[in-house]
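Data first, discussion second: the structure below is written as structure tokens.
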Amino acid sequence: MSKNKGISSELIIEIFNSLPQGVIILDKDYHIIDINQKAQELLVTSKVRALGKPLKELCQQFFVQDNLIQAIVDSPKGVRVKISFIELNKTDARFMLFLEPESQFNMDILTTIINSIDDAFLVVDEQGRIIEYNDALQRLDGLLKEQVLGKHLTSIYNLSESKSFLLQAIRQRKPILDRYQNYTTISGKNLSIMCSTFPLFKNNKVIGAVSIMKDYSKIKELSDKIVELQGQLFNNNSHLKKSSKTTKYSFDDIIGASYSIKQTIKWAKRAARSSSHVLIYGKTGTGKELFAQSIHNASPRANNPFIAINCAAIPENLLEGILFGTVKGAYTGAVDRPGLFEQANRGTLLLDEINSMSIGLQAKILRVLQEGMNRRLGDIHENPVDVRIISNINVEPAIAIKEKQLREDLYYRLSAVYLEIPLLSERKEDIPLLTDAFIKKYNNLLCKNIMRISEESMNLLINYSWPGNVRELQHAIESAMNLIKDEETVLLPKHFPPHIKRTTDGISDNTINITIPLQDEPLAETLSKLERVVISHVLEKNKWNISRTARKLDIKRQSLQYRIRKYDIK
1 MSKNKGISSE LIIEIFNSLP QGVIILDKDY HIIDINQKAQ ELLVTSKVRA LGKPLKELCQ
61 QFFVQDNLIQ AIVDSPKGVR VKISFIELNK TDARFMLFLE PESQFNMDIL TTIINSIDDA
121 FLVVDEQGRI IEYNDALQRL DGLLKEQVLG KHLTSIYNLS ESKSFLLQAI RQRKPILDRY
181 QNYTTISGKN LSIMCSTFPL FKNNKVIGAV SIMKDYSKIK ELSDKIVELQ GQLFNNNSHL
241 KKSSKTTKYS FDDIIGASYS IKQTIKWAKR AARSSSHVLI YGKTGTGKEL FAQSIHNASP
301 RANNPFIAIN CAAIPENLLE GILFGTVKGA YTGAVDRPGL FEQANRGTLL LDEINSMSIG
361 LQAKILRVLQ EGMNRRLGDI HENPVDVRII SNINVEPAIA IKEKQLREDL YYRLSAVYLE
421 IPLLSERKED IPLLTDAFIK KYNNLLCKNI MRISEESMNL LINYSWPGNV RELQHAIESA
481 MNLIKDEETV LLPKHFPPHI KRTTDGISDN TINITIPLQD EPLAETLSKL ERVVISHVLE
541 KNKWNISRTA RKLDIKRQSL QYRIRKYDIK
């Protein structure tokens with residue numbers, strides 16, 4: 001620091017270090033030549049470590065504009081720090097930096113929210129150091145925030161790097177959902193949790209991970225109660241034959257006139273005549289359970305039980321008891337109760353998201369299917385069961401097998417009949433029919449009087465890619481009908497969610513100008529003409545490369561080839 005006339009250098013240094021705002025002085029090459037006490041605290045550094053260091057070690061990006069340089073840096077303390085610079089007319093000191101916590105009010109709100117939720121909440125940086133640890137996790141672990149913040153995950157919990165879901169999520173760059181984990185804290189407390197873990201990204205770079213956890217003992221207590229009530233219901237109603245209370249869908253509820261959906265319905269109806277197991281593959285929202293229930297209700301087993309279970313929603317060690325049943329003494333608190341295989345005897349058991357089930361448990365399912373015998377946990381006796389399995393999967397079976405999510409031998413056993421539900425983007429000619437059905441449904445539920453959807457709105461729906469398929473379309477109609485005024489009778493673009501209005505299905509980087517003469521013909525025929533023009537355009541643009549064109553149109557190659565033949569595109 002330079003010496004001011006009339007003021008001692010010691011006093012200047014004292015003032016500099018007493019400022020409530022962080023201050024850093026840079027030379028012309030953006031190297032640090034001085035840093036006050038507050039800046040050291042914010043950046044968790046010392047003057048010895050900071051002096052001579054280039055600015056880029058504090059922040060990777062900064063910009064100069066009108067003699068003002070601005071940057072943002074994340075403090076190791078987890079506080080986001082804003083840095084503003086002004087230029088000095090000095091030879092040795094060219095810039096003065098002012099540091100302050102950014103949006104402290106918003107950070108306080110965020111911290112309050114995190115500490116108000118019942119779920120335990122843990123955040124680590126990309127190195128595995130703990131940077132957030134909420135009140136619920138303090139209560140669960142029996143540790144204080146001060147004991148863990150800044151520490152590496154493995155120094156607080158007896159988890160190796162290969163066993164930690166947080167570190168796995170960082171390495172794999174993808175979420176790890178609904179997993180059971182047992183661990184011991186540094187205080188010696190043993191805990192069992194269910195957790196979902198998500199990597200955190202910034203500019204496509206992993207900067208950490210967050211895990212949301214629930215106390216497994218509470219989940220087990222609730223699950224045991226559900227299974228107990230389920231067993232009581234089975235015993236009390238064993239004389240009933242009808243399964244109408246557990247299913248509500250039939251083939252009449254599947255809406256669509258497209259070739260792809262009609263073919264799938266035709267194959268499903270054929271499957272309903274037999275007792276062969278069925279594997280249904282379809283992306284989220286395509287209607288897999290609707291098909292499963294329809295097959296059951298059209299089958300000879302229609303008057304017998306239909307029982308569905310989501311394999312992804314229940315921990316593995318609970319799922320085993322739920323499926324196969326238990327006998328008293330099998331484990332602490334176990335009681336005599338039938339599993340779902342027994343409860344679904346002579347009926348249908350739907351295993352939803354079967355690829356979420358562990359490989360070990362899949363082997364036990366395979367044995368029941370091969371032998372036709374079920375053994376409860378803890379029992380030495382086996383009981384015969386006659387159950388038709390319908391399985392749902394939202395990952396292509398070949399990929400699930402390759403990634404060890406699905407046993408290959410179980411796949412062959414389950415897929416005696418294999419159905420693939422088409423994406424909504426592959427049957428856009430069904431959108432008007434589905435929209436009409438959803439309008440009628442929500443007119444009744446919401447007491448509305450919507451008469452129609454505008455042409456512009458229908459174009460929006462047809463041009464959108466629908467990653468959430470029919471379910472997303474249903475939610476979009478429901479959202480629009482909640483927003484429309486009571487006196488309005490036409491759904492307009494303004495009523496639909498913003499992302500649908502902003503997004504098209506990415507058919508081309510350029511605008512396609514299409515002119516189709518309006519004639520007195522059904523809407524389906526007009527849409528077919530539109531589809532033919534669009535497919536022809538994209539084929540030409542991609543030089544008739546089928547794979548590339550299919551990717552651009554977001555449909556399967558087989559679907560594209562079918563449409564080329566259907567419309568005689570040459």
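Just so we're aligned, residue 1 is where the sequence shown starts under the UniProt record's numbering, counting upward by one. C-beta: ideal position from N, C-alpha, C; glycine also.
Exercise. Any idea if residue 397 is buried or exposed, counting beta-carbon neighbours within 10 angstroms, 16 or more meaning buried?
Worked result: Its Cβ being crowded by 16 or more others within 10 Å, residue 397 is buried.
Exercise. Grouping DSSP H, G and I as helix and E and B as strand, with all else coil, what is residue 326?
Worked result: In the structure shown, residue 326 falls within a strand segment according to DSSP collapsed to helix, strand and coil.
Exercise. So residue 308 packs on residue 350, CB below 8 Å; how close in whole Å?
Worked result: The Cβ separation is near 4 Å, so the contact holds.
Exercise. Since residue 280 and residue 453 are thought to touch, with beta carbons under 8 Å apart, how far apart are those beta carbons, to the nearest angstrom?
Worked result: Contact between residue 280 and residue 453 is absent: CB atoms are separated by about 30 Å, not below the 8 Å threshold.
For this session: Verify whether the separation of the beta carbon atoms of residue 23 and residue 36 is less than 8 Å.
Result: A contact, by the Cβ cut-off of 8 Å.
Problem set entry | Pairwise C-alpha distance: residue 272 and residue 243 | Bear in mind that the predicted position of residue 243 carries a pLDDT of just 46, short of 50, making it unreliable; the figure below should be weighed with that in mind. Rounded to whole angstroms, the gap between the alpha carbons of residue 243 and residue 272 is 16 Å.
For this session: Could you check the C-alpha separation between residue 57 and residue 124 for me, to the nearest Å?
Result: Taking the straight line from one Cα to the other gives about 21 Å.
For this session: Determine the direct distance from the alpha carbon of residue 471 to that of residue 440, and round the result to whole angstroms.
Result: Cα-Cα distance, rounded: 16 Å.
Problem set entry | Among 170, 363 and 326, the one whose alpha carbon lies nearest that of residue 407 | Among 170, 363 and 326, the Cα nearest to that of residue 407 is on 363.
Exercise. In chain order, what residues of the same chain lie with their CB nearer than 8 Å to the CB of residue 257, ignoring the 5 residues before and after it?
Worked result: Excluding positions up to five away in sequence, the list reads 429, 430, 433 and 524.
Exercise. In chain order, what residues of the same chain have a beta carbon less than 8 Å from the beta carbon of residue 267, not counting five sequence neighbours either side?
Worked result: For residue 267, the CB contacts under 8 Å within the same chain, skipping 5 residues up- and downstream, are 417 and 419 in chain order.
Problem set entry | Local conformation of residue 567 per DSSP, three classes | Coil at residue 567, not helix or strand.
Exercise. Cα separation between residue 155 and residue 342?
Worked result: Cα to Cα, residue 155 sits roughly 46 Å from residue 342.
Exercise. Does DSSP classify residue 413 as helix, strand or coil?
Worked result: Helix.
Exercise. Which two residues bound the contiguous alpha helix (DSSP H) that contains residue 249?
Worked result: Element bounds for residue 249: n/a, residue is neither H nor E.
Exercise. Taking DSSP as the reference, what is the three-state secondary structure of residue 441?
Worked result: Here residue 441 sits in helix by DSSP.
For this session: For residue 561, I'd like the list of residues in its chain whose CB is within less than 6 Å of its CB, leaving aside the five on either flank, ordered along the chain.
Result: Within the same chain, residue 561 has no close Cβ partners at all.
Exercise. Residue 123 bridges to which residues according to DSSP?
Worked result: Partner(s): 132 and 210.
Problem set entry | Proximity of residue 500 and residue 530 at Cβ, strictly below 8 Å | When the beta-carbon positions are compared, residue 500 and residue 530 stay at least 8 Å from each other.
For this session: Report the three-state DSSP secondary structure of residue 484 (helix, strand or coil).
Result: Three-state DSSP puts residue 484 in coil, outside helix and strand.
Problem set entry | Option nearest residue 411 by Cα separation, candidates 143, 370 and 445 | Relative to the Cα of residue 411, the nearest Cα in the group 143, 370 and 445 belongs to 370.
Problem set entry | Span separating the alpha-carbon of residue 306 from that of residue 293 | For residue 306 and residue 293, the distance between alpha carbons rounds to 8 Å.
For this session: Note down, in chain order, each residue of its chain lying with its Cβ closer than 6 Å to the Cβ of residue 207, except the 5 sequence neighbours on either side.
Result: Apart from the 5 residues on each side of it in sequence, residue 207 sits with its Cβ closer than 6 Å to the Cβ of 126 and 200 in its chain, given in chain order.
Exercise. Can you list, in chain order, the residues of its chain whose CB lies under 7 Å from that of residue 17, leaving out five sequence neighbours each side?
Worked result: These residues qualify, in order along the chain: 36 and 37.
Exercise. Residue 166 and residue 128 look like a contact to me (Cβ under 8 Å); what is the Cβ gap, rounded to whole Å?
Worked result: About 7 Å separates the two Cβ atoms, so the contact holds.
For this session: Decide if residue 320 is buried, meaning its Cβ has at least 16 other Cβ atoms within 10 Å, or exposed.
Result: Buried, because 16 or more other Cβ atoms sit within 10 Å of the Cβ of residue 320.
Problem set entry | Cβ pair residue 121, residue 186 closer than 8 Å | Taking 8 Å as the cut-off, the Cβ atoms of residue 121 and residue 186 do not count as close.
Exercise. Taking Cβ to Cβ, would you say residue 425 is nearer than 8 Å to residue 555?
Worked result: Cβ atoms of residue 425 and residue 555: closer than 8 Å.
Problem set entry | residue 302 vs residue 251 beta-carbon contact at 8 Å | With respect to the 8 Å criterion, residue 302 and residue 251 are not classified as neighbours on the basis of their beta carbons.
Exercise. Curious, which full-length beta strand (DSSP E) runs of at least 3 residues does the stretch 159–212 contain?
Worked result: Complete beta strand (DSSP E) runs here, min 3: 176–184 and 190–202.
Problem set entry | Endpoints, the beta strand (DSSP E) within which residue 26 is located | Taken as a continuous stretch (DSSP letters only), the beta strand (DSSP E) holding residue 26 covers 22–26.
For this session: Could you tell me how far apart the beta carbons of residue 130 and residue 153 are, in whole angstroms, since I believe they sit closer than 8 Å?
Result: Between the beta-carbon of residue 130 and that of residue 153 there is about 6 Å, and that keeps the pair under the 8 Å contact cut.
Exercise. Is DSSP giving residue 280 helix, strand or coil here?
Worked result: Reduced to three states, the DSSP call for residue 280 is strand.
Exercise. Say the cut is 7 Å; is the CB of residue 467 nearer than that to a heavy atom of the ligand MG?
Worked result: Inclusion of the ligand MG in the displayed structure is not the case, the ligand content being empty and no account of it being possible.
Problem set entry | Beta bridge counterpart(s) of residue 383 as assigned by DSSP | 374, per the DSSP bridge assignment.
For this session: Note the first and the last residue of the continuous beta strand (DSSP E) segment covering residue 308.
Result: Where residue 308 is concerned, the enclosing beta strand (DSSP E) stretches over 306–310.
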